[in-house]
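A short write-up of the structure that comes next.
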Amino acid sequence: MELFLDTDAYLNLGYSRRYQPHALGSPQGRLAARVGRSLAARLPEGGTGERVLDVGCGRGGPAAVLADRYGWRVLGVDLVAYNARRARRTAADRGVEGATSFSVSDATALPVASGSVAGAVAVDALVYAEYRSMIEAAGLEVRTVADLTAHSVGRFRRWSGLYLRLLASPIGDRIERLLAARGLDPAAVTAQIRRAHAALPALGHALFVLKDPRKGLYRR
């Protein structure tokens, strides 16, 4: 069980239901699994063995989940060379290096031929497209929009607030010793959480389901 956010494999905060707080397990893995279930439901027989594109793959966590759970051959693309290298390491660590590949590519000039993939996902990547018009200008149809803020960044701020309150309480020293025992730098962890806590109120988290009418592909 992971106690802290797995930032080695993911770049997002993830998604948790009310009974699955961010301090337990991997909320990012749950987000990737949710996206995978949605795509699998739209592919014949779940698309086992099919090639799937992960746009904005980050450090490979979602691609590893999709390859492992759904038997897809996942091609991840990311603008950042470090992320692509890190994604390869993540896939190797999780035993799916044979079912995944990663490249440094632009989402507007993808390194795949038309019709060569069964589907595509964009886990926590399209949230950076500010306006619906930007998506529609690319020829995609917005089918549904779900606001996940209360279940992701909103819930995480409650956790970060709890951490900061406990740190200021009589058990604060014990928390710092626990962090140090796990090989973490208590001062660095606290500084990161304090900065995140201050920034989170300005953040939102939306999940888009898009359709490319030209190719029949669904993307999330």
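For the record, in the sequence shown the residue sitting at position 179 is 545 according to the numbering used here, with numbers rising by one throughout. Ideal Cβ placement from N, Cα and C applies to all residues, glycine included. Every value quoted in this text rests on a predicted model; they were computed, and no experiment measured them.
Paired residues, beta bridge with Glu542 - DSSP: Glu542 is not bridged to any residue.
Nearest-angstrom Cα separation, counted from Ile541 out to Val555: The straight-line gap from Cα to Cα measures roughly 11 Å.
Integer Cβ distance of Val421 from Ala473, believed to fall under 8 Å: Indeed, because the Cβ distance is near 5 Å, the residues count as touching under 8 Å.
Rounded straight-line distance, which links the Cα of Val443 to that of Leu476: Looking at the two C-alpha atoms, the distance is approximately 8 Å.
Residues bridged to Glu507 (per DSSP): Lys577
Minimum C-alpha distance to Arg521 - residue among Ala407, Cys423, Ser467 and Pro567: Pro567
Local conformation of Ala389 per DSSP, three classes: For Ala389, the pLDDT reaches just 48, beneath the cut-off of 50, and the residue's location in the model is therefore unreliable, leaving the point undetermined.
For Asp459, the first and last residue of its enclosing alpha helix (DSSP H): Ala447 to Asp459
Beta-carbon spacing of Pro428, Val478 below 9 Å: no
Beta-carbon contacts of Ala433 that lie in its chain and below 8 Å, excluding the five residues immediately before and after: In the same chain as Ala433, and ignoring 5 residues on each side of it, the C-beta atoms closer than 8 Å to its own belong to Arg439, Val440, Ala457, Val462, Ala465 and Thr466, in chain order.
As assigned by DSSP and simplified to three states, the class of Ser480: coil
Arg521: CB within 8 Å of a non-hydrogen atom of the ligand SAM: No copy of the ligand SAM occurs in the structure displayed, which carries no ligand at all.
Bridge partners - Val519, DSSP secondary structure assignment: Paired residue(s): none; Val519 is not in a bridge.
Inter-residue Cα distance where the pair is Ser613 and Thr515: Not covered by the structure: residue 613. The range shown for the chain is 367 to 586.
Option nearest Ala512 by Cα separation, candidates Leu506, His571 and Ser480: His571
N-terminal and C-terminal residue of the beta strand (DSSP E) that Val462 is part of: Unbroken run through Val462: none, as it is neither H nor E.
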